[in-house]
Amino acid sequence: FFFFAKSKEQQEKETSTMFKKFDPSEDVSTSTQVKASVQRGIKSQIHEFHPALGEAVLDELLPKKPPLTQYKIGPHLMLYCRQSPDKGGDEPVFFQHRDGPILPTLKFVHKYPKVQFTRVTVDKGAIPFLLGGANVMCPGLTNPGGEMPADDGESNGLEKGDGVIIYAEGKELPLAVGMMTMSSSDVRKKNKGNGIEVSHFLGDGLWGAEEIQ
Numbered sequence: 277f278f279f280f281a282k283s284k285e286q287q288e289k290e291t292s293t294m295f296k297k298f299d300p301s302e303d304v305s306t307s308t309q310v311k312a313s314v315q316r317g318i319k320s321q322i323h324e325f326h327p328a329l330g331e332a333v334l335d336e337l338l339p340k341k342p343p344l345t346q347y348k349i350g351p352h353l354m355l356y357c358r359q360s361p362d363k364g365g366d367e368p369v370f371f372q373h374r375d376g377p378i379l380p381t382l383k384f385v386h387k388y389p390k391v392q393f394t395r396v397t398v399d400k401g402a403i404p405f406l407l408g409g410a411n412v413m414c415p416g417l418t419n420p421g422g423e424m425p426a427d428d429g430e431s432n433g434l435e436k437g438d439g440v441i442i443y444a445e446g447k448e449l450p451l452a453v454g455m456m457t458m459s460s461s462d463v464r465k466k467n468k469g470n471g472i473e474v475s476h477f478l479g480d481g482l483w484g485a486e487e488i489q
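Here the sequence shown is numbered in my numbering, starting from 277 and rising by one per residue.
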């Protein structure tokens, strides 16, 4: 169990608020149809952070037609949506904060469980904190039950700023998505402090948003 007592201020600082109270009926300001050249750039960025996703997989997940729709949320957040099968609205599939990594929504990842997004696993002691939106502390990744890509030279570890899908020990489907605040090598060496900034988690406002109208 890797969390220790923190002040209320520390807990609030370490808790993601990006989508915690997201309400699509109030928080979405503008929408724009994504141009083909921009959509190719989005796919390229997704492949950069999730290299196991080849061109064929991305084309199936994000076909050229109908094109994605980009929704602006506040001054620095973009939500990318594809047309829902019933055409009743747009289904959130990816998002990006400022110039950070383009991250998939949890519902999108759950819908395609065999797609190999870049992933980490936290130990089971982290689960209640993760479901509250808390960021992932380094020991949650290094304790027994935690897992990250190896830093052994044979496979690529994770770099600071990489986007990751966050699984939990004993759980089949992921609980959150976020961005590494330090490399996996540094997480292992330092083993203290915040290792992943959580952007979106199971039960937050984005999880509850079936469609954007």
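No residue lacks a Cβ here, since even glycine has one placed at the ideal position from N, Cα and C.
Span of the beta strand (DSSP E) around residue i
i      : result
Asp366 : 366-373
Lys348 : 345-349
Ala485 : Ala485 -> no beta strand (DSSP E), and no H or E assigned at all.
Gln359 : 353-359
Phe509 : Outside the shown range of the chain (277 to 489) lies residue 509, about which nothing can therefore be said.
Thr397 : 395-398
Gly454 : 452-456
Residue range of the alpha helix (DSSP H) that includes residue i
i      : result
Ser301 : 300-303
Leu382 : 382-387
Val463 : 460-466
Contacts around residue i, its chain only, beta-carbon distance under 7 angstroms, and the 5 residues preceding and following it disregarded
i      : result
Ala485 : Phe298, Pro300, Pro368
Leu449 : His386, Pro389
Ser459 : Gly433, Leu434, Glu435, Lys436
Cys357 : Leu344, Thr345, Tyr347, Asp366, Glu367, Pro368, Val369, Ile488
Thr457 : Lys436, Asn470, Gly471, Ile472, Glu473
Contact check, residue i vs residue j, beta carbons under 9 angstroms
i      : j      : result
Glu445 : Ile403 : yes
Phe371 : Leu482 : yes
Gln346 : Val310 : yes
Pro380 : Gly437 : no
Residue burial classification, residue i (beta-carbon count within 10 angstroms, cutoff 16)
i      : result
Ser305 : exposed
Thr308 : exposed
Asp366 : buried
Asp335 : exposed
Contacting residues, own chain, Cβ-Cβ under 8 angstroms from residue i (five flanking each side not counted)
i      : result
Gly479 : Leu407
6 angstroms Cβ shell around residue i - same chain, five flanking residues per side excluded
i      : result
Lys296 : Gly409, Asp480
- Query: What are the complete alpha helix (DSSP H) segments, minimum 4 residues, inside the stretch 316-342?
  - Reply: 331-337
- Considering only residues of the stretch 406-448, which uninterrupted alpha helix (DSSP H) runs meet the minimum length of 4 residues and lie entirely inside it, listed in chain order? Here the runs fully enclosed are 414-418.
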